[in-house]
Amino acid sequence: MAAPTANTIGHSHATEHNTASRLPIFAAKYRDRAIAILKRTDYHAVVSLIRAAFEIPTVIPDSQIRLSSRFDEFGDLLVELVPDVWDEISPLLKIVEVSTSPRPLAHIVVPDAIQPQQPNNEAEGVASHSASVVVHIIGGPKDLSIPISDTCTLSELKALASRYEARLPSRLAFHYQDNKLDDDTKLLKYYGIVDQSIITMITSVQVYVTTPARSKVPMRITLYAGVSSLKLLIYAQLDIQVHEQILMCAGEELVDGTQLGSYPQVCHNCQIVVDVVPAAETGSKLGLLCVEVKPAWATDVDDEDGQEYYVLPNSTILDLKVLIYNLDLISPPRQHLEFRGQGLDDEQNMNEAQVESGSTLIMHITSQRT
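Quick note on the working numbering: the sequence shown kicks off at 5 and runs consecutively.
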């Protein structure tokens, strides 16, 4: 049978669009991976397939998984695909880019669960507003300022934090004034938390290395980061090549491309074992990029105030911020990185930002809460 032509397909699009429409799949690209996904007219079914294929954490809601593509008619413009147009456009898709970065909020949104009820009289109205306080949560991808009710429990605060920042793991360990908040059912005021209190998320692990020269090494990690970011930290502190590390926790391997917080066994004071599998040398630092980060005030290119960090080509800007945090105690929300005069987004990886080995990034440090 002869190959179908543009006319037999029934569309006046270019031949390459016809080729794409004949394929029952499109390539979904998420960060550094691409996976073939079956074309379906049901937008929400496709989102579910993409979530499963890339193992996107359940803490990220479907509404935050955004699909985009490029079309010849629009040049290099990346167009977001919304459910209303999916049915018509899905047969023509070749490459779909997947993003899970949250849309920025124009202002703080108070969730319905903590909206004060409409008062019956003026006195009740004053009491209702006076009962609302704001607490600040630090230690995550960004600082959070969350209004809560006077009767808010720890479990309710954790749920609110996850609604404000989807990259947080489902299990959150909170600390206030060096005390761990360990009873989800208790009211926050039981712990002495009042208006403008600062609550910190802290996770410490014991890392054991399977070489005679090293035993346990305490490390502070961030559960919202990826497994590869922990490997970069282990490389920076112990000089074990990233590709030689096999991380195990409670008998399960921690696989690259997943979030540390997606493993139930990775929690406060847990133990992670590093099996070292030596490999033949294939090049200097084996594919790692050495990037320099300078504070904004170090404007002289000959100034030696910059700090060098080793990252992977597919490491995200957030991975780099987490590495800086673990090595130099500058929390990620306080770091604003620029390259060639352009601000860098947390979700960009080094390749996308055109950061190469030897590149210099500029860091602006902000106040603790923004």
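From the three backbone atoms N, C-alpha and C, an ideal C-beta is built for every residue, glycine too.
Check	Outcome
Identity of the residues DSSP links to residue 178 by a beta bridge	185 and 205
Coil, strand or helix - residue 330 by DSSP	helix
Inter-stretch contact at 8 Å, needing at least 3 Cβ pairs: the stretch 315-323 / the stretch 351-358	yes
Nearest candidate by alpha-carbon position, reference residue 71, set 196, 35 and 238	35
Contact between the stretch 290-298 and the stretch 264-273 (3+ Cβ pairs under 8 Å)	no
Residue interval of the beta strand (DSSP E) (run including residue 311)	311-315
Of the residues 332, 326 and 310, the one placed nearest residue 362, counting alpha carbons only	310
Assigned secondary structure, residue 169 (DSSP; H/G/I helix, E/B strand, else coil)	coil
Backbone CA spacing between residue 261 and residue 231 [nearest angstrom]	7 Å
Reference residue 339, options 345, 322 and 346, closest by Cα	322
Selection from 185, 192, 246 and 45 that minimises the alpha carbon distance to residue 137	192
Spatial distance of residue 124 from residue 233 (CA atoms)	Here the model assigns residue 124 a pLDDT of 43, short of 50, so the residue's position is not dependable, and the following value carries that caveat. Their Cα atoms are separated by approximately 53 Å.
Under the three-state DSSP convention, the category residue 66 falls into	helix
Residue 110 classed as buried or exposed, judged by whether at least 16 other C-beta atoms fall within 10 angstroms	The pLDDT assigned to residue 110 is 34, lower than 50, so where the model puts this residue is not dependable; a value taken from the coordinates is nonetheless given after this. Residue 110 comes out exposed.
Same chain, Cβ closer than 8 Å to residue 253, neighbours up to 5 away in sequence not counted	267, 269, 270, 274, 275, 276 and 277
C-alpha distance - residue 324 paired with residue 224, whole-angstrom precision	15 Å
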